[in-house]
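All residue numbers for the sequence shown refer to UniProt numbering, where the first residue is 1 and numbers rise by one. Positions of the beta carbon are idealized from the N, C-alpha and C atoms, including for glycine. Remember, it's a predicted structure, so these values are computed and weren't measured experimentally. Beneath this line is the structure, given in structure tokens, with notes to follow.
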Amino acid sequence: PKTRPRLDKVHQYEERLPIEEMIERALSGLKMETIHTATEAEQVEEFADLL
């Protein structure tokens, strides 16, 4: 890596990369989940089952 890259060369090299395809491929396996906080009673029950 260069410490002082020239902006025109950076743009030239970036144009060769399929950025949109790379982003789509990276996000294709994305899974969204909602995390809910459990009440204290539910946590106690879960830990009691483990013991």
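CA-CA distance, residue i and residue j?
i           : j     : result
residue 112 : Arg16 : Outside the modelled stretch of the chain, which goes from 1 to 51, sits residue 112, for which no answer is possible.
Leu50       : Gln43 : 11 Å
Arg25       : Met32 : 16 Å
Glu46       : Glu40 : 10 Å
Ile23       : Ala48 : 44 Å
Lys9        : Pro18 : 17 Å
Short of 8 Å in beta carbon distance, which residues of its chain neighbour residue i, apart from the five on each side in sequence? Order them along the chain.
i     : result
Ser28 : none
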